[in-house]
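Numbered per the working numbering, the sequence shown finishes at 151, counting up by one with no gaps.
Here is the structure we will look at.
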Amino acid sequence: LAGVISDVSEKKKDALTKFGWNIGMAFQLIDDTLDYTANRDRLGKTLGKDLSEGKITLPLLQLLKNCSEPERPLIHRIIKEGSLGMDDLSFIQTLLRKYNSIDYSISKARGYIKAAKEALACFEDSTAKLSLIAVANYAITRDL
Numbered sequence: 008l009a010g011v012i013s014d015v016s017e018k019k020k021d022a023l024t025k026f027g028w029n030i031g032m033a034f035q036l037i038d039d040t041l042d043y044t045a046n047r048d049r050l051g052k053t054l055g056k057d058l059s060e061g062k063i064t065l066p067l068l069q070l071l072k073n074c075s076e077p078e079r080p081l082i083h084r085i086i087k088e089g090s091l092g093m094d095d096l097s098f099i100q101t102l103l104r105k106y107n108s109i110d111y112s113i114s115k116a117r118g119y120i121k122a123a124k125e126a127l128a129c130f131e132d133s134t135a136k137l138s139l140i141a142v143a144n145y146a147i148t149r150d151l
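This is the structure in structure tokens:
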């Protein structure tokens, strides 16, 4: 939107579009990760909310891909039940750590942030560009 309003070249409009898309992807992946790792008091987010709503996010997909055969039906049961107890959440959190699903998701988010920053290469160094880079850095580090 800023590119359209300021009448920049198509190349720069495309760069801003890529920047925004990549920031959005990274922000969502971090949000999905925080569903399992956030400090509830600090972030104001209920842990396990996505899981209790049956939302299959990247950390959970990665877990299902890598977990053992005996663990898979237990995970599926927790997803299907929808009423998430603390024991269930703790079990899932333990497995997410065991199979590096959180680290995997953060790594993917970092890749999107890298792509977002690279999209800005066509812009000269300026306060505006530095502000966009700061937004990108915040998206990847917020409450991790």
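Virtual Cβ for every residue (Gly too), placed ideally from N, Cα, C.
Check whether residue i and residue j have beta carbons under 7 Å apart
| i | j | result |
| --- | --- | --- |
| Y111 | Q69 | yes |
| Y43 | L103 | yes |
| C129 | K20 | no |
| L67 | K115 | no |
| N29 | A122 | yes |
Where residue i falls, given that 16 or more other Cβ within 10 Å makes a residue buried
| i | result |
| --- | --- |
| L8 | Unreliable placement is indicated for L8, whose pLDDT of 46 sits below 50; the coordinate value is still reported in the next sentence. L8 is exposed by the Cβ-count criterion. |
| Y106 | buried |
| I85 | buried |
| A143 | buried |
| T64 | buried |
| V11 | Bear in mind that the predicted position of V11 carries a pLDDT of just 47, short of 50, making it too unreliable to give a figure here. |
Start and end residues, alpha helix (DSSP H) containing residue i
| i | result |
| --- | --- |
| F6 | Outside the shown range of the chain, which is 8 to 151, sits residue 6, and nothing can be said about it. |
| I120 | 108-126 |
| T134 | 134-148 |
| L68 | 65-73 |
| F130 | It is not in any alpha helix (DSSP H) - F130 carries neither H nor E in the DSSP assignment. |
| L103 | 93-105 |
| E78 | 78-88 |
Distance between beta carbons of residue j and residue i, contact taken as under 8 Å
| i | j | result |
| --- | --- | --- |
| K124 | I113 | About 16 Å; that fails the 8 Å criterion. |
| F34 | A146 | 5 Å |
| T40 | I82 | That pair is no contact at about 17 Å. |
| G55 | L91 | 5 Å |
Inter-stretch contact at 8 Å, needing at least 3 Cβ pairs: the segment 52-60 / the segment 83-101: yes
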